[in-house]
Each structure stands twice: as C-alpha cells, then as structure tokens.
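**Q** Quick one: the structure is below, and I'll ask about it shortly.
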Amino acid sequence: MANWIIDDFGDEFRSEAPEYTRRLGYTVGGPAAENYAIENMGHVGIADRAGCIHVRCRPMLMPDKTISALLYWLLDRGDKQVVVSWLDDIWHMERPMTMRLAVAFLGHLLDQRTLQKSPADARLLSQLSERVAERWPSIASDTVQAANAGCAAETRRRTLDDMYNGRWTVLDLDLPTRRLRNAELGGGYPPLVPGLMHERSSFNFEGVGDHAYKEWVLQNFVDVATTNKPKFEDVDAIVSWPRIGDMRTRYWRAVIPLQRNRDSCRLLSVSGSDSSIDLRPNLVQVRC
Numbered sequence: 022m023a024n025w026i027i028d029d030f031g032d033e034f035r036s037e038a039p040e041y042t043r044r045l046g047y048t049v050g051g052p053a054a055e056n057y058a059i060e061n062m063g064h065v066g067i068a069d070r071a072g073c074i075h076v077r078c079r080p081m082l083m084p085d086k087t088i089s090a091l092l093y094w095l096l097d098r099g100d101k102q103v104v105v106s107w108l109d110d111i112w113h114m115e116r117p118m119t120m121r122l123a124v125a126f127l128g129h130l131l132d133q134r135t136l137q138k139s140p141a142d143a144r145l146l147s148q149l150s151e152r153v154a155e156r157w158p159s160i161a162s163d164t165v166q167a168a169n170a171g172c173a174a175e176t177r178r179r180t181l182d183d184m185y186n187g188r189w190t191v192l193d194l195d196l197p198t199r200r201l202r203n204a205e206l207g208g209g210y211p212p213l214v215p216g217l218m219h220e221r222s223s224f225n226f227e228g229v230g231d232h233a234y235k236e237w238v239l240q241n242f243v244d245v246a247t248t249n250k251p252k253f254e255d256v257d258a259i260v261s262w263p264r265i266g267d268m269r270t271r272y273w274r275a276v277i278p279l280q281r282n283r284d285s286c287r288l289l290s291v292s293g294s295d296s297s298i299d300l301r302p303n304l305v306q307v308r309c
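If you count the sequence shown from 1, you need to add 21 to reach our numbering.
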C-alpha cells in the first residue's frame, strides 16, 4: 500500500485520505481503490520506508500533470534510493537505484508510451449482434416491465441492477434538440467519469471527452427513437476518456424504445463488457 498518491490532476494525497476517495467517486477507499486508480487511471503510488522510496505506476496512462508532480516529489526528497515498479502487460520491478538514475529511468519508460493510431473512421466500430438479438425475446417482457414499473425507484433500480449487473440506463430523448435527460442510471458502471453516478438526473455526455464517440452514441439513440425499434450491437471502440486517455472499449449493447411521443422518446439502454468482441484486425495498444 502507498503512503502517498498523486492523481491525474497532479494533486498529492495521503493514502486512504477521504478527499482522495471522494475525488475517485467512491464512498469507501483503501488499497483496492488505490490499486485500481494506479492501474486504470494513471495515478502514482509512492511509499517511503526505511530510507528507500518505492514508486508504482503505469506509464502508458500517466498524464503530464501527474508526471510533473511525481518528478518534483522525488527531487524534493534528496538522493534516496528508489525502486520503480511499472505496469505494461504485467508488473515489473527494477532494482534500487539513485534518485538521478530513477528520474532518468522513469523518463525512459515514459518515452516508450505509444498508441497505434487508427484512422478516424476506424476508431468506432459496431455490428449487429445476432446473439443479443436472439436472447432478447426471452427477457424482453421482464426487462420492459421492470423499466416501466410503477414501484418505488429503489426497487425498480435494484431489479434492473440484478438483471444487467448495473449496466443499464433509462433516458429521455428530445428529438428536435437531440438532447438527452438521464432519468435513471444503474450502479454498475466503472468510475471512468467520477461524476457519472446513479443519483445524477441529467447526463448529456459532457463528462466524456471524445466528441466523436458522444455523437456516435447519441446517433444510435436517435436511430432507435426514430424507428421505434430496438437495436442490438457488438461494439469495439477506441474512446478518449478525460482521466485516462485513449482506451479500447468492447461491449455489447441493446437500446430499446419504451415510450414514444411526437417529439420525445424514453429509451432503455443495457450493455455488458465483453473482451471477446474483436472488430479490428490488430491490437490497439502496442509497445516499442
């Protein structure tokens, strides 16, 4: 476990600090939350024990503010011995080295960061999902009933969470303005955007930094609302997340119209992560 954490804004926190837990969007912190942030959000964990500093990081995801804060933190500690652990496909650990060598070594790791750039039209891929479409008739009645149920919101949310592991959203789409209002959100989405919590009543994709992805998903909702027919797809997208950077995101999704009016439509969107979906011939992330 780290003594300090440097987040993607370059801010420094003591381990298990409530402020850091809130920054992540969690209610309970601890080693698991810190490890998740180091491995998936580009944060850095630092331990200073017995005169030796241990740095844990994933260079591929580290933003510039985190890098600057880490270097200042290290250089302020004098010439202590430093151990660097870093994650690419697996965790690695380098033997202890001087502060000067550690800074040079971290620079080397950061220089290795690379992402195979894909043409713009190849970043967002999807295809009709026959397996989801085939399964839908057997669960359609229960799903629509749960989404439209007149029971208490907490009971309805719990029912849909159980059916789809929390990966569901009920949205109201205003067709003339193409504006979404998030009526209800399941509790099973990963904290890629900490502000995206199930209590939030409005969601217009501002939290997602990738404009092309926002428009692509929104157009999918508009298509379903316009045709008033469900749509089932497998998705293999490279999405630029504001706290992470480019990340390959693979999932199946189903969008179902619940109630259609003249200028608006209530939709249910359900999804599930699936790393077996592969709609591109080459891996997105490559190492030098």
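Don't be surprised by glycine CBs; every beta carbon is placed ideally from N, CA and C.
#1: Out of ASP193, ARG199, THR198 and PRO197, which one is the CA nearest neighbour of GLU205?
#2: At which residues does the beta strand (DSSP E) containing MET114 begin and terminate?
#3: Using DSSP with H/G/I as helix, E/B as strand and the rest coil, what is TYR185?
#4: To which residues of the same chain is ALA90 closer than 6 Å at the C-beta, ignoring the five residues directly before and after it?
#5: Is the shortest distance between the beta-carbon of SER106 and the beta-carbons of chain D less than 8 Å?
#6: Across the stretch 115-124 and the stretch 94-101, are there enough close Cβ pairs to call them in contact, namely three or more that are closer than 8 Å?
#7: Closest by CA to GLY72, which one among GLU33, VAL104 and ARG202?
#8: With 16 as the cutoff for other CB atoms within 10 Å, does TYR234 come out buried or exposed?
#9: Contact defined as beta carbons within less than 8 Å: I believe LEU145 pairs with PHE253. What is the distance between those atoms, to the nearest angstrom?
#10: Where ILE59 and ASN282 are concerned, what is the direct C-alpha to C-alpha distance, given to the nearest angstrom?
#11: Would you give the residue range spanned by the alpha helix (DSSP H) that LEU45 belongs to?
#12: Express the C-alpha separation of TRP237 and VAL260 in angstroms, rounding to a whole number.
#13: With DSSP collapsed to three states, give me the class of PRO212.
#14: Whole angstroms is fine: what's the gap from ASP244's alpha carbon to ILE277's?
#15: Measuring CB to CB, does ASP295 end up less than 8 Å from ARG269?
#16: Measure the alpha-carbon distance for TRP25 versus LEU289 and round it to whole angstroms.
#17: Tell me the DSSP secondary structure of ASN241 in three-state form.
#18: Answer yes or no: do GLY208 and ASP182 have a C-beta to C-beta separation smaller than 8 Å?
#19: For ARG221, I'd like the list of residues in its chain whose CB is within less than 7 Å of its CB, leaving aside the five on either flank, ordered along the chain.
#20: Which one of ARG274, ALA125 and ASP257 has the shortest CA to CA distance from ASP299?
#21: If contacts are defined as beta-carbon pairs under 8 Å, then ARG287 and VAL191 qualify, I think. What distance do you get, rounded to the angstrom?
#22: Tell me whether ARG43 is buried or exposed, calling it buried when 16 or more other Cβ atoms sit within 10 Å of its Cβ.
#23: Taking a contact to mean a Cβ-Cβ separation below 8 Å, would you say VAL291 touches ARG178 in this structure?
#24: Based on DSSP bridge pairs, tell me the residues matched to ILE26.
**A** Concretely, from the data shown:
#1: Looking at the Cα atoms, ASP193 is the closest of the given residues.
#2: 112-114
#3: helix
#4: ILE27 and GLY31
#5: Structure shown: chain D not included; a single protein chain is present.
#6: yes
#7: VAL104
#8: buried
#9: For a cut-off of 8 Å, the C-beta gap from LEU145 to PHE253 is around 17 Å, too long to register as a contact.
#10: C-alpha separation (whole angstroms): 46 Å.
#11: 39-45
#12: 11 Å
#13: Here the model assigns PRO212 a pLDDT of 46, short of 50, so the residue's position is not dependable and the matter cannot be decided.
#14: 11 Å
#15: no
#16: 41 Å
#17: helix
#18: Going by C-beta atoms, GLY208 is nearer than 8 Å to ASP182.
#19: With a pLDDT of 43 at ARG221, under the threshold of 50, the modelled position of this residue cannot be trusted; read the value that follows with caution. If we look at ARG221 and ignore the five residues flanking it on each side, its Cβ neighbours are ASN203 and LEU206.
#20: The candidate whose alpha carbon is nearest that of ASP299 is ASP257.
#21: Sure, about 7 Å apart at Cβ, within 8 Å.
#22: exposed
#23: no
#24: PHE34 and GLY66
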